[in-house]
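In our numbering, the protein residues as written are 4 to 264.
Ideal Cβ placement from N, Cα and C applies to all residues, glycine included.
Bear in mind that the values here come from a model prediction, so they are computed numbers and not experimental data.
Here is the structure we will look at, set down as structure tokens.
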């Protein structure tokens, strides 16, 4: 009976009758509908009909029942979630994809980024130590998993930071490094303080605390510049705190030479 139903659904699918095949799947008893083969066929039908996220949901269901043999389905579902903009589901699946394939770059990047975003300090400490060890050993994959701005939070080794694959290697020449190190200091009337962050917005708890610090700086004695690489989506949600923070310099607005030096 199961074989006959599966063959009927496959026949409809092979004829390009995707909606009819999907309707046939929906009419199956729960026990049959949960069969991994049926879930995969349903996912294919949904994808062909333009419902990529729903297709990914079916691939995940099938992968759960296949265990270790479902790795490729999890990767496929991860890509579909990512491509359809469903970051929440992509993040949830990234850990499983990473366990299936510890060298899956995008899953490793997303997993690493999540540790920073959620301030998972214990896990982050372990991950940072592992990253530092791997980078010191010249592991190219470990280098590729680090974002330069995130690395600044935990790594103070300039030689290690310079090796990160995400940096603009083509413009960080020995001449530029020498120029940065030998550039004469220009003294001013005020003491200059710079804050670097990707979270200059009212929606970030640390920035709420920093607001008081910024307001208490004596502007007659100190020149305060906020070097900002905050994402536009966060800026758009700001409730006006950025206007009270003072001078904000968008790093993206700087020339390549200025950013490097």
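Check                                                                                                                                                                : Outcome
Does DSSP classify residue 264 as helix, strand or coil?                                                                                                             : Per-residue confidence for residue 264 stands at a pLDDT of 46, beneath the threshold of 50, marking its modelled position as unreliable; the derived number appears in the next sentence. Three-state result, residue 264: coil.
Excluding the 5 residues flanking residue 144 on each side, which residues of the same chain have their C-beta closer than 8 Å to its C-beta?                        : 106, 108, 111, 137
Could you compute how far the alpha carbon of residue 40 sits from the alpha carbon of residue 156?                                                                  : 46 Å
Would you report the Cα separation of residue 30 and residue 45, rounded to the nearest angstrom?                                                                    : 12 Å
Considering only C-alpha positions, which residue in the set 196, 235, 213 is nearest to residue 222?                                                                : 196
Using the three-state DSSP reduction, which class does residue 191 fall into: helix, strand or coil?                                                                 : coil
Does the Cβ of residue 225 have 16 or more other Cβ atoms within 10 Å, making it buried, or fewer, making it exposed?                                                : exposed
Is residue 284 buried or exposed, if buried means 16 or more other CB atoms sit within 10 Å of its CB?                                                               : Residue 284 lies beyond the residue range present for the chain, which begins at 4 and ends at 264; the question has no answer from this structure.
To test your reading of the DSSP string, which unbroken alpha helix (DSSP H) runs of 4 or more residues are found completely within the region 82 to 151?            : 90 to 103, 108 to 120, 124 to 139, 143 to 147
Alpha carbon to alpha carbon, how far is residue 90 from residue 238? Give it in angstroms, no decimals.                                                             : 19 Å
Would you mind working out which of 95, 14, 128, 207 sits nearest residue 113, comparing C-alpha positions?                                                          : 95
Using the Cβ count rule (16 or more neighbours within 10 Å means buried), how would you classify residue 131?                                                        : buried
Just confirm the distance between the C-beta atoms of residue 209 and residue 202, as a whole number of angstroms; I'd bet it's less than 8 Å.                       : 6 Å
Does DSSP put residue 78 in a helix, a strand or coil?                                                                                                               : helix
What are the start and end residues of each continuous beta strand (DSSP E) run of 3 or more residues lying completely inside the region 206 to 255, in chain order? : 225 to 231, 250 to 253
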